[in-house]
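Residue numbers (our numbering), protein chains in the order written: chain A, -19 to 240; chain B, -19 to 240; chain C, -19 to 240; chain D, -19 to 240.
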């Protein structure tokens, strides 16, 4: 059968990224406690396409994924995955982003009851024309923010709300940063952190902690930025925070980029 | 050209609803202040299809909408629209739902500054085989809820959050209920209501009001239910509330249906 | 500490459903091939609340879930889960819906290469005041639809698109229907079915199959309805189909409810 | 009352962007035909915050928006808006993005019937520390793509689908590019374009046109890139295309950035 993708193209345009998006699969992920967990993942994968070729071979992305499937789930190292993509698709560069649902067991502050929290996370990697590799680790972490202005001016109470912090960090290949640690860094920067299971004594503790610890989105942003700057392993990062204000129907929002 | 839709079908199945979904258009809507507003709307429209016919004529839904377009926007009465659909598509019954973005001007409680709040609303109508007409008015209204338990057990503060109340009501054809009034009914049932524009004195007022007025989702639900039950114009309703708990990553949730 | 939830309420309103929503957890699910898979799940859980009580005890829903956690994931039988909820929360009725991401291995039609497809599915259960139990199985299944009208009137080609079929079925407690079988029933009702991995010979096969097998959303709906009606185990069902028309920016849509 | 936002901050971090997000309002927008249309808009607005200050004054963003409200809708020039933000918030730089729903009347190819198509569009502007202004115009435009490989290898038919093209362009301040023209540029680059209203003769025309004009996402991307490169007014652009493959449950995807 004719290979239309291999036909010659005359438009003289090298394509930077072409591939597939929203490929869903069960990803086996290594955790800090050494026990792998199978999580739901969604992949975006691409290669560069030289100007001479009409199209890439999209089915090969799925084939590389499927080669790693064992016992119902798929596990791999991102850099190794990109190398295999480059080989299989004969491309000079490769890119992939794997969004996934990650779970961490947390302990309630007083009752010490354990429950699971879920976080939207991702691995993102680029392997360029010189085989230089860049890796990004990303996560969305919910925290509580309690408004310092509202606390200051009100006779009692203070508006507070759930806020979502998005972080994306990169670090050198010979280093490793656990998602669990990145998430803890952010959770410790809110007015309080969130839990799935809180008994009455725990609810009292997190309520009072938030009230003692009022923070604007500016404060959370600055505290996360300081901690990430102080971690010398981290070579660049982006932080974004969005608070679902309980007194407004819009969100307070702040963001920052940093690179050494 | 052959009319495939008009071909005979032999599967012996009357289809209850077939039509189009996610048709976007600029809807001209009448407001209580007598000034029409053009809003963004999304339509779902269907007819019943007798077992004898293979398919309906989908383009006619768009034609009926387009017949009402004047000066860039489209305005109509829901019942009249359904009658026109029935005629144009030769069907025995017709159904439509128009979701739209509605704006109301609100005044901040102390500064009296005015600003706009946006609400997701809808009109929904059914005209059945006997030309009996049923109309539903729906809206999603954000409010603040402040947790009575958290307030009671904590030395200071209380967790609070944005909560979304969904209401759907039906009333008799000879009655009229304004969206503005339905929204006010719900907004007055939260711990506090939301505003787009609040200056410092307003923020103090809404913070203190919420603290003085703690409510579980159960409380908001019951208060809305009581008010709707007491409105004799309303023949049936559904209420649903979902609070984006500031101390959890899941939501508190309650719902209720009622019919006279 | 004061139990605010247990305080007396005087509004005289029994609440039909109150609980939690969007609780995320790793669900262990039994498959037809006997190998359990851990999948990402999102729970909505509620109880009824008698008029005498101010509030329910929301943390207990999470506690019941957590009691079932072993080796990182949570597994249970829906009816048994509802019984435990009723007991733990002292309620007369209980309801739960578990949405989850389900994977099935499919074989490409010609190359026979295997790959995974992901489906949004759910279990839904109600245990009422008399301990009568009702169970629903739901799934969203993508198929290809190729327009019979477009094929008939055009000299060549025919517009086709991805369409999403939503099914929800209920069956008696002493019966069992596998998700794998429900999904197959729907996939065999489109113009063609979808795959994650198709090589060139497979693409030719699915393209030609769709062209030989043109279907309106009406046709897919009727074919699914016929098959479900003929399965005597099924006591009631709902089917909805939405096709993301490749020539329109809106969707063709149809739905049907059935009960024996 | 104490102005907490004006308190001194000691963390030594200049914040790049802080403001509000998801502010909804009715935007009056100028069209090529000289008739303004009121559309639904959602704003993200921010300023930079020097390290000395604890917080920004979020309510002022809403105040600047509200100053422009007349007869129920809000209209402004993006650069002028940013200047006003800078003044009102005493900031050195300002940023805003206004997402909105835009409507264009299109004519069916044969019947010449007119109907409205809706497009997600945005204006984005940055006014930096030197009052240098940068403006971006963005739009999401759906087109049909028909697979060249599927057509080539199949005896009849070819899979096709709705694809979404996202473009973002910037141009010099003394130039102007109409959204209507940008959208046309993209729509003319698909296998066929989409319409809201097509009668049978139109459906034949678009079906045949797509079959005569097969395109991979790579082809659509290259054709859009060529046209934008050739428009000397445009100083930089980004193009992204995502096709909802009718034979897969994932999407084909490609993207490109360009700057003169």
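Backbone N, C-alpha and C fix where the C-beta goes; we use that ideal spot for every residue, glycine too.
Only a predicted model underlies this, so the values are computations on that prediction, with no experimental measurement involved.
Checklist entry - For the segment 87 to 109 of chain D, which residues have a CB atom closer than 8 Å to at least one CB atom of chain C, in sequence order? => result Listed by position, the residues of the segment 87 to 109 of chain D near chain C (Cβ gap below 8 Å) are 97 and 98.
Next on the checklist: In the DSSP output, what is residue 150 (chain C) paired with across the bridge?
Outcome noted: Looking at the DSSP assignment, residue 150 (chain C) forms a beta bridge with C:116 and C:216.
Next on the checklist: For a contact defined as C-beta to C-beta under 8 Å, what are the partners of residue 179 (chain B) on chain D?
Outcome noted: Among the residues of chain D, those whose CB is under 8 Å from the CB of residue 179 (chain B) are 39, following chain order.
Checklist entry - What residue does the beta strand (DSSP E) around residue 184 (chain C) start on, and which one ends it? => result From DSSP, residue 184 (chain C) is part of no beta strand (DSSP E) but of the alpha helix (DSSP H) over 180 to 192.
Item to check | Residue interval of the alpha helix (DSSP H) (run including residue 65 (chain C)) | outcome: Segment 58 to 69, the alpha helix (DSSP H) holding residue 65 (chain C).
Checklist entry - Taking 8 Å as the CB-CB limit, is residue 2 (chain B) close to chain C? => result Contacts with chain C at 8 Å (Cβ-Cβ) include residue 2 (chain B).
Checklist entry - Hey, would you say residue 140 (chain A) sits closer than 8 Å to residue 124 (chain A), going by beta carbons? => result At the C-beta level, residue 140 (chain A) and residue 124 (chain A) come within 8 Å of one another.
Checklist entry - What residues are listed by DSSP as bridge partners for residue 124 (chain D)? => result Answer by DSSP bridge pairing, in chain order: D:142 and D:172.
Checklist entry - Taking just the CA atoms, how far does residue 50 (chain B) sit from residue 112 (chain B)? => result Here the alpha carbons of residue 50 (chain B) and residue 112 (chain B) stand approximately 29 Å from one another.
Checklist entry - Where does the unbroken beta strand (DSSP E) through residue 18 (chain C) begin, and where does it stop? => result Boundaries of the beta strand (DSSP E) harbouring residue 18 (chain C): 17 to 29, taken from the DSSP string.
Checklist entry - Can you name, in chain order, every residue of its own chain whose Cβ lies under 6 Å from the Cβ of residue 68 (chain C), other than the five neighbours on each side? => result Excluding positions up to five away in sequence, the list reads 40 and 44.
Checklist entry - With residue 200 (chain A) and residue 170 (chain A) assumed to form a contact (beta carbons below 8 Å), what rounded beta-carbon distance in angstroms separates them? => result Contact flag correct, Cβ pair sits at about 6 Å.
Item to check | Enclosing alpha helix (DSSP H) for residue 207 (chain B) [first to last residue] | outcome: Counting along the chain, the alpha helix (DSSP H) containing residue 207 (chain B) begins and ends at 197 to 210.
Checklist entry - So, do the segment 156 to 164 of chain C and the segment -17 to -4 of chain D have three or more beta carbon pairs nearer to each other than 8 Å? => result Touching, no, given that fewer than three Cβ pairs across the two stretches are closer than 8 Å.
Next on the checklist: Let me see if you follow: with CB-CB separation under 8 Å, is residue 28 (chain B) close to chain C or not?
Outcome noted: So, not an interface residue.
Next on the checklist: So the candidates are B:98, B:37, B:132 and B:42; which of them puts its Cα closest to the Cα of residue 175 (chain D)?
Outcome noted: Answer by Cα proximity: B:42.
Item to check | Straight-line Cα distance separating residue 92 (chain A) from residue 184 (chain A) | outcome: The C-alpha of residue 92 (chain A) is placed about 14 Å away from the C-alpha of residue 184 (chain A).
Checklist entry - Taking residue 228 (chain A) as the reference, which of B:38, B:86 and B:239 has the closest Cα? => result Measuring from the Cα of residue 228 (chain A), the nearest candidate turns out to be B:86.
Checklist entry - Rounded to the nearest angstrom, how far is the Cβ of residue 34 (chain C) from that of residue 198 (chain B), given a contact under 8 Å? => result That belief holds up - the Cβ atoms of residue 34 (chain C) and residue 198 (chain B) are roughly 7 Å apart, short of 8 Å.
Checklist entry - Got a sec, what are the start and stop residues for the alpha helix (DSSP H) residue 167 (chain D) sits in? => result That run of the alpha helix (DSSP H) goes 159 to 167.
Next on the checklist: If I measure Cβ to Cβ from residue 128 (chain D) and keep anything under 7 Å in the same chain, skipping five residues before and after, which residues do I get?
Outcome noted: Cβ-Cβ distances below 7 Å link residue 128 (chain D) to 194, 195 and 196 in the same chain, with the five nearest sequence neighbours on each side left out; the list follows chain order.
Item to check | Residues near residue 1 (chain B) by beta carbon distance below 7 Å, same chain, minus five either side | outcome: If the five residues before and after residue 1 (chain B) are omitted, its C-beta is found closer than 7 Å to the C-beta atoms of 24, all from its own chain and listed in chain order.
Next on the checklist: Can you give me the C-alpha to C-alpha distance between residue 75 (chain D) and residue 232 (chain A), rounded to a whole angstrom?
Outcome noted: In this structure, the CA atom of residue 75 (chain D) is about 14 Å from the CA atom of residue 232 (chain A).
Next on the checklist: Comparing C-alpha positions only, which one of D:120, D:17 and D:109 sits nearest to residue -6 (chain D)?
Outcome noted: In this structure, D:109 is the residue among D:120, D:17 and D:109 with its C-alpha nearest to the C-alpha of residue -6 (chain D).
Checklist entry - Where does residue 39 (chain C) fall in DSSP's three states? => result DSSP places residue 39 (chain C) in helix when its eight states are reduced to three.
Checklist entry - Which word fits residue 161 (chain C), buried or exposed, when buried means at least 16 other C-beta atoms lie within 10 angstroms of its C-beta? => result It counts as exposed.
Item to check | Beta carbon proximity, residue -19 (chain B) to chain D, threshold 8 Å | outcome: Interface residue, yes.
Item to check | chain B residues whose Cβ lies nearer than 8 Å to that of residue 68 (chain D) | outcome: In chain order: nothing, as chain B lies at least about 13 Å away.
Checklist entry - Taking all protein chains shown into account, do 16 or more other C-beta atoms lie within 10 angstroms of the C-beta of residue -12 (chain A), making it buried, or fewer, making it exposed? => result Classification of residue -12 (chain A): exposed, given that the 10 Å Cβ count is below 16.
Next on the checklist: Whole angstroms are fine: how far does the CA of residue 215 (chain B) sit from the CA of residue 6 (chain A)?
Outcome noted: Answer to the nearest angstrom: the Cα atoms are 48 Å apart.
Checklist entry - residue 168 (chain D): buried (16+ other C-beta within 10 angstroms of its C-beta) or exposed? => result Under this definition residue 168 (chain D) is an exposed residue.
Checklist entry - Three-state secondary structure (DSSP) at residue -13 (chain D)? => result Per DSSP, reduced to three states, the secondary structure at residue -13 (chain D) is coil, with no helix or strand assignment.
Checklist entry - Which same chain residues, not among the five before or five after residue 54 (chain C), have their C-beta less than 7 Å away from its C-beta? => result Correct list, in chain order: 5, 6, 7, 8, 45 and 48.
Item to check | Interface positions of the segment 143 to 175 of chain B facing chain A (Cβ-Cβ less than 8 Å), listed along the chain | outcome: Listed by position along the chain: 172, 174 and 175.
Checklist entry - What is the DSSP secondary structure of residue 131 (chain D), reduced to helix, strand or coil? => result Helix, per DSSP.
Next on the checklist: So, with DSSP's three-state summary, where would you put residue 96 (chain C)?
Outcome noted: Here residue 96 (chain C) sits in strand by DSSP.
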